[in-house]
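A.B. asks: First the structure, then my questions, so here it is.
Chains as they are written, first to last, in the working numbering: chain A, 18 to 425; chain B, 18 to 425.
Have a look at this one:
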């Protein structure tokens with residue numbers, strides 16, 4: 018339905034401004050079956066007042082029952098079909114550490130692991146979750162493993178046993194399998210090409226792995242640690258998404274405190290605006306750049322973090338914090354405001370979940386419904402009904418008078 | 018959206034159990050425009066109490082306005098797109114009589130008919146609806162018509178003028194047209210192949226038909242009855258559906274009193290559990306096998322039968338009967354319970370209909386809605402909104418914590 022080609026054909030340049038606020042992991046559940054969700058329990062006078070002047074509903078990020086990772090959750094918010102367009106793990110890992118990934122780079126998520134040096138089988142896929150400082154030292158050492166055919170190889174620490182590998186140079190291709198067999202008691206797998214043109218890159222990666230593993234084995238024996246090998250997963254390039262400014266004729270600015278969300282926004286063609294660590298900083302950034310963009314992606318991270326911690330009150334507090342700043346945001350007078358999340362993260366579930374997202378769409382041109390608070394149950398009865406994330410930008414564009422009529 | 022490939026990628030093994038209760042033909046209509054439906058009129062304290070602890074909605078079996086047969090109605094409940102996956106009439110006919118159809122068998126629905134022996138044109142497509150005992154005798158006689166190229170040919174009576182023909186042997190193919198021209202005054206059509214590899218099977222069937230018709234003509238003349246010929250429809254093999262245990266990583270058990278539903282469950286890869294004739298028998302079967310399966314398909318037939326009879330009170334009584342047994346079912350403590358039907362069969366309509374199905378989804382992790390009774394009108398305002406049958410298993414899997422996150 019939300020067809021990017023249709024958007025490209027119909028999009029109009031206009032003076033209007035659209036603000037998409039993503040409260041990460043916003044959707045919740047009651048801790049007791051008949052209780053309130055985090056959003057329902059939070060004191061949110063400003064969100065409630067806005068909901069009363071908006072149309073509300075529930076939105077599915079990917080498909081019924083599907084729990085989205087942050088990549089698909091955001092791609093669908095930006096209007097990309099999250100089944101058709103996929104950002105692989107390696108690319109997200111590179112974006113997540115703020116690595117300036119270039120088109121053509123091949124990125125992989127790396128894991129240090131333990132192997133039995135006699136038999137070669139994996140004994141621990143996470144090398145006993147080695148501390149981050151050891152992981153960082155091993156990355157520095159592996160960064161010295163370069164190949165003459167590759168312009169540059171980067172090995173960047175992530176956390177504990179996790180790292181990111183990036184190969185930069187001409188002619189690198191993706192379509193490559195993981196080396197992690199996802200079980201112990203078997204040896205790592207070779208990288209294999211799933212299409213002929215990736216064969217040369219598979220060969221390069223296998224050569225790099227052989228050298229890197231030799232370095233790790235020697236270091237592990239010498240220094241007495243468990244990380245004597247490594248594996249690669251989700252090896253991929255920037256997927257080359259069609260860019261939002263071209264599809265929607267919108268100058269797009271992204272405001273997010275975490276690298277991964279800045280990275281996904283960049284893949285979608287947004288300009289990533291420098292900001293600080295707090296929601297206040299983000300609001301300041303919004304004000305500062307208000308004149309320069311037509312569309313703002315405004316991302317609040319900590320709703321998700323508190324949900325993942327199982328911290329119901331903490332998540333509630335982040336929502337309340339945003340609510341207090343909402344009047345400052347609305348003072349910019351956006352023509353269209355959409356507030357939702359990329360996926361649910363109920364504190365009860367302590368992880369991303371499949372539950373629909375409450376969504377609020379405000380503009381002068383909405384048909385208001387009966388919702389006078391912003392919450393899951395109020396949205397269940399909202400005038401938008403049950404929609405899909407990929408429909409949100411088209412709806413936002415329409416309410417901003419930025420879509421031409423379809424057909425005569 | 019409900020993509021079996023996606024399910025296959027994301028499905029996880031877990032300890033949780035999912036129960037899918039199908040009250041066949043559940044959806045109804047009021048007999049008077051402003052009255053209650055069968056489900057609304059039935060006294061169902063247990064279903065109502067469960068609805069109050071569940072999320073409810075209305076579900077479309079195939080597509081808006083489409084009245085499903087039992088095949089598509091169940092395939093979509095099991096997560097198969099009922100447009101993409103089709104079980105043909107011949108296969109359903111074989112399953113409906115409890116025939117143990119093997120992969121590779123070719124099955125056809127057969128009709129005895131009357132032809133003018135001078136001109137060969139059909140004069141009655143149903144041979145004057147001959148009695149079942151005559152049909153059975155003719156089947157025994159036709160079963161003696163064997164072909165040397167076919168390992169075995171079965172001719173099984175169904176009812177009155179209807180029979181099932183099954184060819185078993187190597188190299189049989191489907192992709193074959195019906196011989197029934199669907200009108201009188203014209204001769205039967207030959208079986209033709211719709212793809213080259215089915216040509217040999219078409220030739221075999223035409224040869225069998227010629228011999229069978231000769232037998233029938235002689236018998237009809239000798240014994241003085243109208244069934245002097247026959248036609249074949251819906252000639253097909255087991256469609257080779259992807260199997261539910263492989264797609265969903267669920268051990269699937271089916272409990273149904275009627276052969277056709279056991280047959281469709283078997284096509285989907287479920288283990289069909291022996292049971293008796295009553296709902297009580299089915300509940301006993303459920304209890305007995307509770308430990309052995311992760312997913313149960315529990316089918317109640319008579320809601321549909323009474324609907325087809327136009328027997329509003331009778332259908333209500335079947336619903337009430339199930340309601341009384343529901344506490345025994347819930348005592349097994351399934352993690353997820355889904356209760357719905359495969360299609361509507363309003364007593365007012367006396368046939369399958371296209372109306373949406375009331376559906377109830379219970380788990381610890383649902384967002385409860387305002388529905389405190391289980392009925393069409395309550396479900397209209399339920400928190401699931403309007404969903405599709407193919408989305409039900411993905412939702413059940415999610416609530417049972419049996420789906421991995423999609424994307425990083």
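Glycine residues also receive a C-beta, built at the ideal position from the N, C-alpha and C atoms.
Excluding sequence positions up to five away, which residues of its chain have a Cβ less than 6 Å from the Cβ of residue 348/A?
C.D. replies: Counting from one through the first chain, the residue named residue 348/A turns up at place 331. For residue 348/A, where only same-chain residues beyond five positions count, there are no Cβ hits under 6 Å.
A.B. asks: Identify which residue in 102/A, 99/A and 118/A has its Cα closest to the Cα of residue 108/A.
C.D. replies: In the first chain, the residue the question calls residue 108/A occupies position 91. Selected option, being the one with the closest Cα: 118/A.
A.B. asks: Do residue 139/A and residue 178/A count as a contact pair if the criterion is CB distance below 8 Å?
C.D. replies: Taking the first chain and counting its residues from 1, the one referred to as residue 178/A is at position 161. Taking the first chain and counting its residues from 1, the one referred to as residue 139/A is at position 122. Not in contact: residue 178/A and residue 139/A (Cβ atoms no closer than 8 Å).
A.B. asks: Among the candidates 106/B, 245/B, 44/B and 169/B, whose CA atom is the shortest distance from the CA of residue 135/B?
C.D. replies: The residue you call residue 135/B lines up with position 118 of the second chain. Among 106/B, 245/B, 44/B and 169/B, the Cα nearest to that of residue 135/B belongs to 245/B.
A.B. asks: Ignoring anything shorter than 3 residues, give me the beta strand (DSSP E) runs that lie fully in the stretch 100–141 of chain A, in order along the chain.
C.D. replies: For the stretch 100–141 of chain A, whole beta strand (DSSP E) runs of length 3 or above, ordered along the chain, are 123–132 and 139–141.
A.B. asks: Taking DSSP's pairing of strands, which residues face residue 375/A in a bridge?
C.D. replies: The residue you call residue 375/A lines up with position 358 of the first chain. 75/A.
A.B. asks: Taking residue 371/A and residue 415/B to be in contact with their CB atoms under 8 Å, please state how far apart those CB atoms are, rounded to whole angstroms.
C.D. replies: By 1-based counting over the first chain, the position of residue 371/A is 354. By 1-based counting over the second chain, the position of residue 415/B is 398. Indeed they touch by this definition, with Cβ atoms about 4 Å apart.
A.B. asks: Under a three-way DSSP split, which group does residue 248/B fall into?
C.D. replies: Counted from its first residue, the second chain places residue 248/B at position 231. In this structure, residue 248/B counts as strand in the three-state DSSP scheme.
A.B. asks: For the candidate residues 21/A, 419/A, 241/A and 38/A, whose alpha-carbon lies nearest to that of residue 313/A?
C.D. replies: The residue labelled residue 313/A in the question sits at position 296 within the first chain. The option with the nearest alpha carbon to residue 313/A is 38/A.
A.B. asks: Would you report the Cα separation of residue 490/B and residue 142/B, rounded to the nearest angstrom?
C.D. replies: Residue 490/B lies beyond the residue range present for chain B, which begins at 18 and ends at 425; the question has no answer from this structure.
A.B. asks: Between the stretch 41–48 of chain B and the stretch 372–391 of chain B, do at least 3 Cβ pairs fall closer than 8 Å?
C.D. replies: Short answer: they touch.
A.B. asks: With three or more C-beta pairs closer than 8 Å as the rule, is the stretch 75–95 of chain B touching the stretch 216–229 of chain B?
C.D. replies: No, the stretch 216–229 of chain B does not touch the stretch 75–95 of chain B.
A.B. asks: Just the C-alpha distance for residue 352/A and residue 58/A, rounded to the nearest angstrom, thanks.
C.D. replies: Reading the first chain from its first residue, position 335 is the one you call residue 352/A. Reading the first chain from its first residue, position 41 is the one you call residue 58/A. Roughly 29 Å between the two C-alpha positions.
A.B. asks: If you drop the 5 nearest sequence neighbours on each side, which residues of the same chain put their C-beta closer than 7 Å to that of residue 156/A?
C.D. replies: Against the first chain, residue 156/A aligns to sequence position 139. For residue 156/A, where only same-chain residues beyond five positions count, the Cβ hits under 7 Å are 172, 173, 174 and 180.
A.B. asks: For the stretch 176–212 of chain B, list the beta strand (DSSP E) runs that are entirely contained and at least 3 residues long, ordered along the chain.
C.D. replies: Correct list: 179–185.
A.B. asks: For residue 264/A, count the other beta carbons within 10 Å of its own beta carbon; 16 or more makes it buried, fewer makes it exposed. Which is it?
C.D. replies: The residue you call residue 264/A lines up with position 247 of the first chain. Buried is the call here.
A.B. asks: Quick one, which of 305/B, 120/B, 228/B and 340/B has its alpha-carbon nearest residue 320/B's?
C.D. replies: Working through the second chain from its first residue, we reach residue 320/B at position 303. Selected option, being the one with the closest Cα: 340/B.
A.B. asks: Alpha carbon to alpha carbon, how far is residue 91/A from residue 419/A? Give it in angstroms, no decimals.
C.D. replies: Here residue 419/A is taken as the residue at index 402 of the first chain, counted from 1. Here residue 91/A is taken as the residue at index 74 of the first chain, counted from 1. Approximately 22 Å, taken between the alpha carbons.
A.B. asks: Out of curiosity, what's the CA-to-CA distance linking residue 22/A and residue 72/A?
C.D. replies: In the first chain, residue 22/A corresponds to position 5, counting from 1. In the first chain, residue 72/A corresponds to position 55, counting from 1. Residue 22/A and residue 72/A: Cα-Cα distance of roughly 27 Å.
A.B. asks: To the nearest angstrom, how far is it from the Cα of residue 276/B to the Cα of residue 251/B?
C.D. replies: If you number the second chain from 1, residue 276/B lands on position 259. If you number the second chain from 1, residue 251/B lands on position 234. Roughly 19 Å separates the two Cα atoms.
A.B. asks: Residue 84/A versus chain B: which residues are under 9 Å apart at the beta carbon?
C.D. replies: Residue 84/A sits at position 67 when you count from the first residue of the first chain. The contacting residues are 27, 415, 420, 421, 422 and 423.
A.B. asks: Are any of the Cβ atoms in chain A nearer than 8 Å to that of residue 404/B?
C.D. replies: To locate residue 404/B, count along the second chain from 1; it is residue 387. Chain A, which has a Cβ nearer than 8 Å to the Cβ of residue 404/B, makes this yes.
A.B. asks: Give the interface partners of residue 392/A over in chain B, defined as CB-CB distance under 8 Å, in chain order.
C.D. replies: Looking up residue 392/A in the first chain gives position 375. Neighbours of residue 392/A on chain B: none; closest Cβ ~10 Å, over 8 Å.
A.B. asks: Is the beta carbon of residue 89/A less than 8 Å from the beta carbon of residue 423/B?
C.D. replies: Counting from one through the first chain, the residue named residue 89/A turns up at place 72. Counting from one through the second chain, the residue named residue 423/B turns up at place 406. Yes.
A.B. asks: Among the candidates 161/A, 227/A, 188/A and 189/A, whose CA atom is the shortest distance from the CA of residue 206/A?
C.D. replies: Sequence index remark: in the first chain, residue 206/A carries index 189 (1-based). Of the listed residues, the one whose Cα sits closest to residue 206/A is 227/A.
A.B. asks: What are the boundary residues of the alpha helix (DSSP H) that residue 306/A is part of?
C.D. replies: By 1-based counting over the first chain, the position of residue 306/A is 289. Unbroken alpha helix (DSSP H) run through residue 306/A: 296–306.
A.B. asks: Please report whether the beta-carbon of residue 382/B lies at a distance below 8 Å from any beta-carbon of chain A.
C.D. replies: Working through the second chain from its first residue, we reach residue 382/B at position 365. Chain A contact via Cβ: present.
A.B. asks: What residues from chain A crowd round residue 412/B, counting only those whose CB sits closer than 9 Å?
C.D. replies: In the second chain, counting from the first residue as 1, residue 412/B sits at position 395. Chain A residues near residue 412/B: 81, 82 and 371.
A.B. asks: Is it buried or exposed for residue 18/A, if we count other Cβ within 10 angstroms and need 16 for buried?
C.D. replies: Here residue 18/A is taken as the residue at index 1 of the first chain, counted from 1. In this predicted model, residue 18/A has a pLDDT of only 43, less than 50, meaning its place in the structure is not dependable; the value taken from the coordinates is given anyway. By the neighbour-count rule (16 or more Cβ atoms within 10 Å), residue 18/A is not buried but exposed.
A.B. asks: Anyone know if the C-beta pair for residue 104/B and residue 281/B falls short of 8 Å?
C.D. replies: One-based indexing of the second chain puts residue 104/B at position 87. One-based indexing of the second chain puts residue 281/B at position 264. Yes. Within cutoff.
A.B. asks: Assuming the contact rule is C-beta atoms closer than 8 Å, residue 20/B and residue 122/B should be a hit. Round their C-beta distance to whole Å, please.
C.D. replies: Taking the first residue of the second chain as 1, we reach residue 20/B at position 3. Taking the first residue of the second chain as 1, we reach residue 122/B at position 105. Not quite, the Cβ-Cβ distance comes to about 30 Å (not below 8 Å), so this is no contact.
A.B. asks: State the DSSP-derived secondary structure class of residue 342/A, mapped to helix, strand or coil.
C.D. replies: Along the first chain, one-based indexing puts residue 342/A at 325. Correct three-state label for residue 342/A: helix.
A.B. asks: Helix, strand or coil: how does DSSP classify residue 390/B here?
C.D. replies: What you label residue 390/B is simply residue 373 of the second chain in a count that begins at 1. Note: residue 390/B maps to coil in three-state DSSP.
A.B. asks: When you compare the CB of residue 298/B with every CB in chain A, is at least one pair closer than 8 Å?
C.D. replies: Here residue 298/B refers to the residue found at position 281 when the second chain is read from its first residue. False, the Cβ-Cβ gap to chain A never drops below 8 Å.
A.B. asks: How close, in whole Å, do the beta carbons of residue 258/B and residue 215/B come, if the pair is a contact with beta carbons under 8 Å?
C.D. replies: Here residue 258/B corresponds to residue number 241 of the second chain, with the count starting at 1. Here residue 215/B corresponds to residue number 198 of the second chain, with the count starting at 1. Not confirmed; about 20 Å, so no contact.
A.B. asks: Can you give the Cα-Cα distance for residue 10/A and residue 354/B, rounded to whole angstroms?
C.D. replies: Nothing about residue 10/A can be read from this structure; chain A reaches only from 18 to 425.
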